[in-house]
Amino acid sequence: MRVVDLTHVIKEDMPVYPGTETPKFLPGSTYDADGFKETCLQMFTHTGTHMDPPAHLFANGMTLDEFPASQFIGKAVVVDCRGLGEGEFITMEHVRACGDAAEEADFLLFNTGWDQYWGSLEYFGEYPCIDDEVLDFILAGDYKGIGFDVIGLDPIADENLTRHKRLFAHRAIVNIENLTNLDACGRGLFDFSCFPLPLKDGDGSPVRAVAWFC
Numbered sequence: 346m347r348v349v350d351l352t353h354v355i356k357e358d359m360p361v362y363p364g365t366e367t368p369k370f371l372p373g374s375t376y377d378a379d380g381f382k383e384t385c386l387q388m389f390t391h392t393g394t395h396m397d398p399p400a401h402l403f404a405n406g407m408t409l410d411e412f413p414a415s416q417f418i419g420k421a422v423v424v425d426c427r428g429l430g431e432g433e434f435i436t437m438e439h440v441r442a443c444g445d446a447a448e449e450a451d452f453l454l455f456n457t458g459w460d461q462y463w464g465s466l467e468y469f470g471e472y473p474c475i476d477d478e479v480l481d482f483i484l485a486g487d488y489k490g491i492g493f494d495v496i497g498l499d500p501i502a503d504e505n506l507t508r509h510k511r512l513f514a515h516r517a518i519v520n521i522e523n524l525t526n527l528d529a530c531g532r533g534l535f536d537f538s539c540f541p542l543p544l545k546d547g548d549g550s551p552v553r554a555v556a557w558f559c
């Protein structure tokens with residue numbers, strides 16, 4: 346079995362959404378003083394490779410702990426959007442190139458190639474985003490989730506989070522951001538999981554996103 350990790354490592358100097366504090370790893374117990382090591386981790390729920398539920402945008406929206414565990418595992422397909430430039434849109438032409446897998450998948454994962462900029466200022470630039478027709482297609486489907494190798498579903502300049510609101514206003518679905526290594530997943534359907542922490546009233550959580558191939 347081949348396993349591909351689609352997750353960025355969480356560390357103190359990692360990229361975070363502009364205005365958000367970076368994670369802090371604070372010593373709790375040490376080998377010398379206590380005979381074991383334990384660390385106090387402080388970070389925001391939307392750090393690194395993470396998941397948004399409807400409660401991220403809506404006070405009465407579904408929280409992560411309200412989803413069954415089955416929401417976070419299924420079949421996925423990568424939508425190849427790597428030919429797009431800054432500020433260009435992901436269209437149904439990219440989705441249709443996946444063939445029947447686009448409708449058979451539980452998760453649509455959009456590969457813009459933007460993860461190559463992880464750790465640089467370019468990562469927070471004008472990354473490609475889905476257009477309205479693609480969002481309509483997602484809303485009309487029966488997907489468990491969608492995912493991206495960029496920092497947001499909306500353009501970095503859209504402080505209103507228009508696409509997030511449209512997505513979560515109509516569907517009990519999850520949105521995964523800051524994926525990586527989607528190039529390694531090839532074409533067609535594959536097994537995928539993206540389990541979040543079961544945080545009470547969770548508005549988001551880092552995930553360990555993984556693809557595997559038997």
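Just so we're aligned: the sequence shown equals residues 346 to 559 in this note's numbering. For glycine and all other residues, C-beta sits at the position ideal for the given N, C-alpha and C.
Tell me, please, which residues DSSP counts as bridged to Pro551. His395
Based on the DSSP output, what are the partners of Asp425 in its beta bridges? Asn456
Under a Cβ-count criterion, where at least 16 other Cβ atoms within 10 Å of its own Cβ denotes burial, should Asn523 be classed as buried or exposed? buried
Which first and last residues belong to the alpha helix (DSSP H) in which Val440 is found? 437-441
Is the beta carbon of His439 less than 8 Å from the beta carbon of Asp425? yes
Pick from Phe389, Thr390, Thr375 that is closest to Glu383, judged by C-alpha positions: Thr375
Distance check for His509 and Tyr472, CA to CA, integer angstroms please. 16 Å
Looking at the secondary structure, which residues open and close the alpha helix (DSSP H) in which Val479 lies? 477-485
Please identify the residue among Cys443, Pro413, Asp487, Lys489 whose C-alpha is closest to the C-alpha of Gly531. Cys443
If you draw a straight line from the C-alpha of Lys545 to the C-alpha of Thr390, how long is it? 12 Å
Is Cys560 helix, strand or coil when you go by DSSP? Any property of residue 560 remains undetermined from this structure, which presents the chain solely from 346 to 559.
Starting from Phe513 and walking both ways along the alpha helix (DSSP H), at which residues does that stretch end? 507-515
Please confirm if the stretch 391-411 is in contact with the stretch 505-519, defined as three or more CB-CB distances below 8 Å between the two stretches. yes
So is Gln387 buried or exposed if we call it buried at 16+ other beta carbons inside 10 Å? exposed
Pick out whichever of Phe434, Val422, Leu429, Gly428 has its Cα sitting closest to the Cα of Glu448. Val422
Nearest-angstrom beta carbon gap, Met396 and Val519 [assumed within contact, 8 Å]: 5 Å
Under the three-state DSSP convention, the category Leu409 falls into: helix
I'd like the list of long-range same chain contacts for Cys559, defined as Cβ closer than 7 Å, with 5 residues on each side in sequence excluded. Met346
DSSP three-state call for Leu402: helix, strand or coil? coil
Cys474 classed as buried or exposed, judged by whether at least 16 other C-beta atoms fall within 10 angstroms: buried
Does DSSP put Phe389 in a helix, a strand or coil? coil
Within the same chain, show all residues whose beta-carbon is closer than 7 Å to that of Pro372, passing over the 5 residues directly before and after it, in chain order. Thr384
Leu454 versus Asn526, Pro541, Pro360, residue with shortest Cα-Cα distance: Asn526
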